[in-house]
Every structure is written in structure tokens, then in C-alpha cells.
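One structure is given here, and the rest of the page talks about it.
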Amino acid sequence: MSSKGGTALSRRSYRLASDADNPKVTGIVNEKLLSDYLQHVFPASSKQGPASAAYRKTLTFQDLGAHLEKLLAEDNIEGCLGPLTVVLDHSSGFEGLLFVDDDLLGVIGHSNFSSIRATTCVYKGKWVYEVLVSSQGLMQIGWCTLNCRFNQEEGVGDTPDSYAYDGNRVRKWNVTTTNYGKSWAAGDIVSCLIDLDEGTITFCLNGQSLGVAFSNIKTGPGVAYFPAISLSFKESVAFNFGSRPLRYPYYFYACYLPLQSPPTTDLIKANRLLGYLKTVLSTSIDTQEEKLVERDSGTWQIQGDPTILVTLAHIFNHFAPLMCKVYLVEDVLMNFLLSILEGGGSVDEHPLIQQLLDLFWLLMEDHEVNECLKQLMMSLLRAYRFSPIIPDLGFQIHYLRLTTAILRHEKSRKYLITFDVLRSVVFFYIKTPLRVKEAGLDELIPTTWWPTRFDKERDTCEETAEERLRRRAYERGCHRLKKRIEVVEELQVQILRLMLNNKDKGTGEASRYIFLNKFRKFLQENASNRGNPTVLCPPEYMVCFIHRLITAIRSYWDEGKRKSPGSISSEDAYVPPQLFYNGKVDYFDLQRLGGLLSHLKKTLKDDLAAKANIIIDPAEIQASSMDDLDEDEETGAAQEIRWKALIEGSHGNDGLLLGRPFEEPDQPITEKSLLEILDGVVMMYNLSVHQQLGKMVVVSDDVHEYAIALKDTEEKIARCPSRRLDILEELQKSQKVFAEKLNHLSRRLAWINATIYSKEKMLDVYWLLRVCIRTIEHSDSTGSLFAFMPEFYLNVAMNSYSALKNYFSPSNCMEELPGYEETLTQLAAILAKHFADPRIVGTDIKDSLMQALASYVCYPQSLRAVERIPEEQRMAMMRNLLAPYEQRPWAQTNWILVRLWRGCGFGYRYTRLPHLLKTKPEDANLPSLQKPCPSLLLQRHMAELLSQDKDMAASFLNSVLNQLNWAFSEFIGMIQEIQQAAERPERNFVDTRQLKVCATCFDLSVSLLRVLEMTITLVPEIFLDWTRPSAELLLRRLAQLLNQVLNRVTAERNLFDRVVNLRLPGLESVDHYPILVAVTGILVRILVDSDKHGISRAASVLLSDPCFQLRSIQYLLGEGDAGATSADQKHFSLHTCKPGPNIEDDLCPICYAHSISAIFKPCSHKSCKACINQHLMNNKDCFFCKATIPGVDDYTKPPSS
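First residue of the sequence shown? That's 1 in full-length UniProt numbering, and the numbers climb one at a time after it.
Structural data, given as C-alpha cells:
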């Protein structure tokens, strides 16, 4: 049965050759018994009447063909114009860019607003078609005439002769728009009905009429209406004009007809043939008694009885061609198979489906079975995806049970797995109901609950006894819902386990191997088309798919552990590093930590040969798929020996684990196929799962916001004077709206928590985090080969931790996870080590690591985890943080140091700036808004490093001072532009991006000042111990910058003061307090808390700086000039005045503030020591002539002659 092709292929002939010499008793059963059996299976039409039964002709196999043709003969519309097969008009009836499916029934928008119509129109009668909504975005569905002209802005419903329903905005459209209907969601079915006799158009959503949308529509000669749709970018739908059975067939009771007539003749034939098949299944022949016996069709099996097989062959001779048609497969075959499972019980209790599939493969051509199974699976997929949600999820369970039963048949499973995985993923999705009442959640969860008590910070407070009872009732309802969802999830896992089966009894590739190849192609399509979202798997499908896949992988992994005790359990799973560089797994064009794969192969070919015994062919080894699957029958000892051989590469270059580095343990991990699937799961999480987890949190946030709004409204009602009935009425209306919204959201949140944020889903993400951590640790041990690891492993490690911390709380507590503290410490060690790892070259991944570490130190628990890593790693981390800021992104590094200090600085114990306490933060969960949690341990490490390494201390502080000079100068320049724009008489707007950059420069200036405060507090000798070569220079530069900041900020009614008083949106953080307390903290440390010599030096340098102004200090102390008495004021005296330079040429030509005191060698240019020393810290070339300066000598002006 290996024939391939279309219907032109000749079929097998089951007709028996006539032979006059044959005896009346055949080789099967005797003639009379055979005739009775065939008449029983294929009864004559009831029109002949019972009297004709006595005179009927004896029926044999020779006559059966003609008898069947007679039984199946056809006994045998105005108002519709167009082809009999109705599809979308992809040749001329569209506007904009669209993707149309191969069957010309599905469409995806690929431009701003695209429109398309069908190939058939109607002009009289009642007609209906269905639209299967795959996304819930902006679409307008309805009818239009041929004269309608659409464009990128106007679509169906925007012209006089077009009518549309928009469930996204809940409106109807016909040039003008009004409210109509309900909001739709992905998975809904919209029915579009037109009655041209009455002139009305009606829409239905999931079988429920939304009422007449339009009446008195234009009809008459020359007017005909086409089905049409307009949809925006990325939105997708599928049409059903009648090529498949309508989900809600209105023609049964309202005389509405589908645009494409159902194949009535073929339906009659198929149902009759199915009836014959059922009769065969329920009838057996007792050859000894020579009679027919009724039997239970559920226990029927193929037993090789020639009479029954030949009978079935005749049935399938007519039945098989019909089963290649989608309408008949869905209406006849699928419903028949579903009826077999209606009795309940496990799928194993219904072996008839397996027997029928055996029969299909036995009596049908291969191409017929393939087409039949393909259409059957697509019908099941559509039925599952577009079935309404009911409380017991009965529809979804029914279709999944049949899918499971079909996939249990090995030959059918192997064919069906070759399907597009993108479509199969639908079976693992549980859609979230948008309308909770229709889903029956109000019955399942009769009592709703939400937080009702909040403190001043809007955090949840202790609940009352009544609230506690309400919450527990709500939790019981959520538990009932969760149990019902778990039934669906268990069926989905069973389907995946069947697909991942590698114990197939038949020949050829194992199911797991076929699935793995399709799975990698699925990942490649989604990884390679990130810029084209119309061809990607929806992220909500990926979330459900990854959880089912993790469950299936872990079950198979642990089964392998039980068979091979030497391997590791799924709890300790990881991906061995050799997968990243031995070329056996294709990572497409995904970025590696060390750059492009081709570059790594060239630069690290010697390391590959030395550490992993892998020789890179000059022609570049093409990445191949994984090697053959593990044999199931191997003993534990034999399996261990074979594993070691594979790891060492003795089986050639086709082993998935080829190239094990010497640092890696030689024990087996698990089956190689599971390793590659696990690798794909990590990749899948990185592609879209994490982003989707973040999106669904918005429902929980909405509940919190509405709860606060309801609480505020109730408090206002309590305070409202009794005489103000108008206000009280409005407040009560608001209270009712908020309460209804909360009832809806709380039930919807229960569904989301059960399907996405449950404890089991949290454990899946946590397991994935630990897999990534162990994989990174093992890969890191390979040294330079660590560069081959794909970047997404580090991304998933950081993102999964973020998801556990931010998305799954408060419904589940992260601290209760097994081994949580250890995992937190392991992740801290990874971030601390790799944020400055030279083996990592990608800018994006380095920024992500830096941001993750910055977030890590903002929370007390994760900061303590950083403190728990080995001291050597902590010191290395601090050394990397204290590296000079030049030539690298430094803002995040500086932020980390600031967080380690916050809570210890002068006036630096606040969570939010004092002047912003009355305003509500946009997101209180931001790391920057966490309470201060300084690390004294890491501060000590910083002090040790800066004290011991004088060169590092000098270069670090020089870079901090340079960046502070730049940041504050940029800030001043920007506020000058803002002030000038604000003072213009004409109306003007300041660019919001400019305001954001200005605020960022101010925040950077403050954070740099705080780092300087921390440094001078922890290691004051860097500035005050002038035995250090750079101490005096650093102190003078510090004084210069402090004076510049004070002069700009403390003057009343100056530039800074005026911009602060403008209170521009975006500049909320710009205020006197944060920058002045940072400066004050530095001044207090050097002028008050130092020893006598240090205070003297600091005061001397600060006062000698040309920019010093006493009024700045007075402003800090809150003293005005008017408050000083005449006795306190110092008067000018020639006796006490030190003479200054008389000639301008004696001043330093760089700063014009100090006398010349240094001469450059060999060019002999001159300046003051402070300027040249500062210049030489960053540049060794002469400031004037660019000659290299090997040294600087002291310069004293010779006495004048």
C-alpha cells in the first residue's frame, strides 16, 4: 500500500471472478447464510415494503457491487451567484497586504487595515457563514457589495453598501457606528446572517444571537452581497462558508443556508456506508449454528474471518474515497469516533478505535488513509480550539480523549506527528474565557474575593474574620476549578507522552525522533522570524505547551533513571556543554556568548582539539540532527558502557555527546533525545514564554487597582453629607461599577492562576531555572569553550528568576521552593562572575547581566545570597565593579555601588525622595523603589581593594570624577536649553526625550556623588593621605567639582532654581535635596569626621579653590547673608592679603587659577601641577603640542633681573 498521488490512482478490485464450476457452497460460508448476512448488512430500501422480502433475489459477493451502487444512487438554489466552492477572492477582491492560507479560507492581516471578500455573492433568500476568530484584535466582519472600494484606512462597514460587526470595540459599522453586541475573544465563532427577503443583517457570537444589527438594507436588481472582512496587522481568522459543517447550523431552524451547499449526496452515501460498517461490527456469524448473532461492537476485533473481511472490503471500496473529503470526515467519521468514547472510562477501555484504524490501513490506499487522518486531525483541532468553555470543560476533554485514542495507534501516530507542530501546539492550549459568566465561572466560584484593607502605602493589611471567610470560600471555588483544569492538562500530557514514545514496536523511525525533527523546525521558524509576528506561534500557546512538555520530559527522564541507576534524575538535569560546540545540534543563527559560531571555530579551534578532541574541518562540518535513539532493551551495565563510548566519541562523529571535556563527569545523564528536547525547551522559554508570563500579570494588577478604587469610593460614601444626594448617587453608581468589575476580574484571575500561575507551573519554571544554572556551571568549567554556549541560557536563567519573583507572587511564595536559598546563591555566583566575563562579547547580554546584578542587590534576600558566595568570587566581583569607568558601560556599575551604600550615606535612608512622597509611583515593585539594604560586607571588600591597590584606586576615582564632570555639565547645558524654551513668549513644547535625558544626567550626577561619599567614608586616606602620589590631585579635583555643584545649585533664583520651580513632567526627580545632601555627606566626612591633619588639608584645598563661595556653605547651613553681624564680617586688609602674581603669563595657561609650577619633558611646555597631573591620568600626550611626555619636573620662576 505504498501508492502515492491523487484520486486518479486505480483502486484495488475486490470483485470476485465468476466461475460457473464453483459449487453452491462457497469457500467462505454456504450461499443462503451468505445471502442472509449480506441482506442484513445491506438492507434494501424501506420503500420496497416487508412483502418484497419473501421474493428478494439471493445476494452474493458477485452481485454486491451493483447492489451497493443502487442503494447509494442519488434521488435528487436560487439566490446565490459564484463558484460552487466558496473561498476568499485572492486574485482581485482584496485591498492591502494579507496572508491567505492554502485552502483560501484563512487570512492574516499584514498591513494597517486590509480587506478581502469571498468569491460568491447572494441576492435573495437567507444565508449564513461563520468566522472562526483566531485573535481578538481590531476586525470588521460582515457583508459588502461589489461597488465598495476599500483602502488602508476604510474597510468593511465604512462605505454605504457595507455592513460590519466589530467585537474588539463592540460596535457595528455602516458609515456611522453605534454600540452593538459583545466583545469577542480568540476561539470565538461569529455567525453572519443576512435575510435578503426582509432586508436584515444579524450577527451571532458562539451561537447566541446579538440581535438584528441592520434593517432595511439595500436590496433589488443589481444588488448582491459578498462576505467580507477588514482586519488590522497580525489579526487572523478562518472562514467557513459551508465546506465544513457549520458549528452553529442556523438552517436547521431558521431556514438560513450556508453559502456553499453541503455534499448531500455524499453525506447520504457516507452515512449509509457507516451504518453498514456498524452492522458488521455488531454482527458475528455462528458457522456451527448457521445463524447471525448480535454482539457488542465495542469488543470487535479483526480476526481474519474471510467473510467479514471481504464484506468490509466492499464497504471500504465506496467508503474510502468519501473519507478524503473534509466535510464528510468531520460530520460522519469524527462524530462516529466520538460516539465510541461517550460511554466514559479511560481511553484504554475503548479498543475499537485501534481496531478501526488497523482496518483503515488494511483496506484503504496509503494516500487515502493519510488524507483521511489529516482531515480528521484538523477537524479535531478546530473543534477543540473553537469549542466554548463550560464549567466541566466537557467539550475540550471529549476532543482530547479522541486525539489520545488516535495517537495510541502507532502507524497513525507516526504519520500525524509529521504535521506542522505549530498546529499541533493548539491541543496543549487552554484558552482563558473573556466572558466568565458564559463559561459558568459564576456557578463554579459563587463567592468572589479581593483585598479590601490597605495601609498608607497601598499595601494589603491584616484581614478581618468576615474577609477571611470570604477568602476561604473563594479559594475553595478556585480549587474546584483547578481540579477540572488538571483533567485537561493530564490528557494533554498523555498526548505528548505518546508523541515522545521511543518504544515503538514497528519498523522505521521512532515517534520521538519524528517529533524531535519537527520540534527543531518549529523552533527554527519561531527563532528566525522574530520580525514577522504573523507566522509565529502565539505566545499564549507556547506557555501551555512548555509546561506540558516539561512534565512529559521529566516523566520519561525519571523512567530512564529507574532503568539506569547510574544516570542522574530529572531533579539534577542539565544540558552537557558538548552540545554547544560539537555541531550535533543546530542553533540556527542564534548568538553565542563569544560571538558568531564561524568566528569561534576559527579562533578556538586549538582549544577544541585540545580540550574536546574535536577537529574542525576547513570545509566546516554541517550541523546534523541527533544520532539514533537509545535502545530500550539495553541492560544497565551495557547502557553505561555504551554511554561512555559515546561520550568519548569512539562511535564516530555522529554521537550527540561527542567531545566531552575532561572536566565533565563521565556518568550518563539521560537519553540523548531528551537532552535535545530539553535544550529546545530552554530556547522556547526565551523566545516568547517569559514575555507572555509578564503580560498576564496585568489581570492581578487590575484587581489591586480596582480594589483600591472601590475602597476609596466606599470611604467617600461614608464621608458624604446626607444632604448631597446627587453626589451620593454618583458615588453609589461608581461603587456598583467597581464591584461588578471586581467580581468579573476575580473569577478571571482564578482561571489565570490555575492555568498559568499555579504552584505546579511555578515549579516548572523553577526547574528550568535550575537546569540553566547547572548547564552554565558545567559549561563554565570548560574554560574558553564556554564562549560556544548560546546566549539564551543566561537570558533564561535571569528571566526565569525574575518571573518567579515578580509574576508568581503573592499567590505562591518563592521562599517555599525546595533548595531556594542554594539556588539563589548559585545564581548570584553566576551573575557576579559573568557580568564582566571577557569570554562574553555580546553587548546586549552583558547589559542584561549587569542589570540583573543591579536588581539582585536591591532586595535583602538576594543581596544576602551575593554575600554567601565564596570570598574569592566576592572580591573578584568588587574588583570588576571598581574598574575604571572609561571604555565600558558604567551607569549600571555605578548604580550597583550606590545600592550597596544606600542606607549608610548622609540623609540617604529614604526609599523615595521626600518631595515625591505625596505622589504615587508608577510601579512600586521597581528595584529603585525598594527600601535601602546596604551591604557592610561588600563595603569592607571595597575598602580593602582600594586601600591595597593604590593604582586601581587612583584610576577608579579619576574615572568617577571625570564622569561626574561630564554628567553635571551635560545637565547644566540641558536645563539652560529648557529654561530658554520656557521663557519664549510664543507657545512651545519641550521634547519629552530631552526632559528624560536631562533627568537621567541629574540622577547620574547624584549617584556619582554618592559613590564618592562612600569611597571617602570607607577609605578617606585616598584623598587625605598625601603620601599617596595621587591623593592631593584627587582632593583638589573633588573640591573643584563640589564647588561647581554648590555654585550652580545653591544660588537663589538662579538657573537651577527656576527650572525646579517649573515642575515639568519628567523632571520630578530634579530637586535641591538629593544633590545637596550628597555633597553635604562628602563635606561632613572630610571636614568634620576626619582627623586633625585631614581636616586641615581638606579645608585648605576647599578654600583655595578659585570657585569656592562662602554663600554656598551658608545656604547648606540655612544661614543667610543678612543674619551676619558687622563683627562677624571679615574686612579686607593689605597686611593680611597675600600678594598674587603680577603678570598674567605667570598663571597656568590651562586653568588660569594657579601659578605655573611644572615643566613638561622634553617639549618644555608649562602648567600648574594639578592640571598636568590630572591630564596625565587620562592621556600621556602634551596638552599643547601632542608630544609624548615621559616626565614632569618642578618649575620655579627665576628671579627677575
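Note that beta-carbon positions come from the ideal geometry of N, C-alpha and C, so glycine has one too.
Pairwise C-alpha distance: residue j and residue i
{"i": "R874", "j": "F738", "result": "51 Å"}
{"i": "D764", "j": "R770", "result": "10 Å"}
{"i": "P1198", "j": "R1037", "result": "28 Å"}
{"i": "K291", "j": "D305", "result": "15 Å"}
{"i": "T1196", "j": "D1146", "result": "10 Å"}
{"i": "K605", "j": "A954", "result": "40 Å"}
{"i": "Y766", "j": "G344", "result": "36 Å"}
{"i": "R909", "j": "K931", "result": "8 Å"}
{"i": "K833", "j": "K846", "result": "12 Å"}
{"i": "D63", "j": "L337", "result": "30 Å"}
{"i": "R468", "j": "Q892", "result": "44 Å"}
{"i": "R295", "j": "T287", "result": "15 Å"}
Close Cβ partners of residue i (< 7 Å) along its chain, the five nearest in sequence each way excluded
{"i": "W449", "result": "R470, R471, Y474 and S746"}
{"i": "C324", "result": "E368, E371 and C372"}
{"i": "F515", "result": "I417, M499 and L500"}
{"i": "G680", "result": "F519, R520 and L523"}
{"i": "T992", "result": "G1066"}
8 Å Cβ shell around residue i - same chain, five flanking residues per side excluded
{"i": "A797", "result": "L769, C772, I773, I776, L827 and I830"}
{"i": "N168", "result": "Q136, G137, L138, M139, S183 and W184"}
{"i": "C1107", "result": "Q1040, N1043, Q1044 and N1047"}
Residue burial classification, residue i (beta-carbon count within 10 angstroms, cutoff 16)
{"i": "Y163", "result": "buried"}
{"i": "P1088", "result": "Per the sequence shown, residue 1088 should be read as Val rather than Pro. Exposed: under 16 other Cβ atoms inside 10 Å."}
{"i": "L916", "result": "exposed"}
{"i": "G477", "result": "buried"}
{"i": "V156", "result": "buried"}
{"i": "G649", "result": "Below a pLDDT of 50, predicted positions are generally treated as unreliable, and G649, at 35, falls in that range; no measurement from the model is reported."}
{"i": "G905", "result": "buried"}
{"i": "F1184", "result": "exposed"}
{"i": "N179", "result": "exposed"}
{"i": "G1118", "result": "exposed"}
{"i": "K584", "result": "buried"}
{"i": "N206", "result": "buried"}
Contact check, residue i vs residue j, beta carbons under 9 Å
{"i": "C121", "j": "A224", "result": "yes"}
{"i": "M942", "j": "L1009", "result": "no"}
{"i": "L1064", "j": "V1006", "result": "no"}
{"i": "L444", "j": "P388", "result": "no"}
{"i": "L34", "j": "H67", "result": "no"}
{"i": "Y581", "j": "L600", "result": "yes"}
{"i": "L441", "j": "L376", "result": "no"}
{"i": "Q1174", "j": "D1105", "result": "no"}
{"i": "F239", "j": "Y327", "result": "no"}
{"i": "V1011", "j": "M974", "result": "no"}
{"i": "L281", "j": "L352", "result": "yes"}
{"i": "C544", "j": "Y429", "result": "yes"}
{"i": "N686", "j": "N795", "result": "yes"}
{"i": "S261", "j": "L88", "result": "no"}
{"i": "A707", "j": "T452", "result": "yes"}
Same chain, Cβ closer than 6 Å to residue i, five either side skipped, listed in chain order
{"i": "E886", "result": "S959"}
{"i": "F835", "result": "L849, M850 and L853"}
{"i": "M789", "result": "F580, L593 and S779"}
Problem - Three CB pairs or more closer than 8 Å across the stretch 564-576 and the stretch 697-716 - result: no
Exercise for the section: Indicate whether the contact test is met: 3 or more Cβ pairs, each with one atom in the stretch 105-112 and one in the stretch 300-319, closer than 8 Å. Expected result: no
Exercise for the section: Please determine if the stretch 227-237 and the stretch 128-144 are in contact, where contact requires at least 3 C-beta pairs separated by less than 8 Å. Expected result: yes
Practice task
Taking 8 Å as the threshold, find out whether the stretch 97-107 comes into contact with the stretch 210-227 through three or more Cβ pairs.
Solution key: no
Practice task
Would you check if the stretch 798-815 and the stretch 682-697 touch, i.e. whether three or more CB-CB distances between them fall below 8 Å?
Solution key: yes
Handout entry: Inter-stretch contact at 8 Å, needing at least 3 Cβ pairs: the stretch 396-410 / the stretch 710-723
Key = no
Exercise for the section: Inspect the CB distances between the stretch 1070-1082 and the stretch 1022-1036 and report whether three or more fall short of 8 Å. Expected result: no
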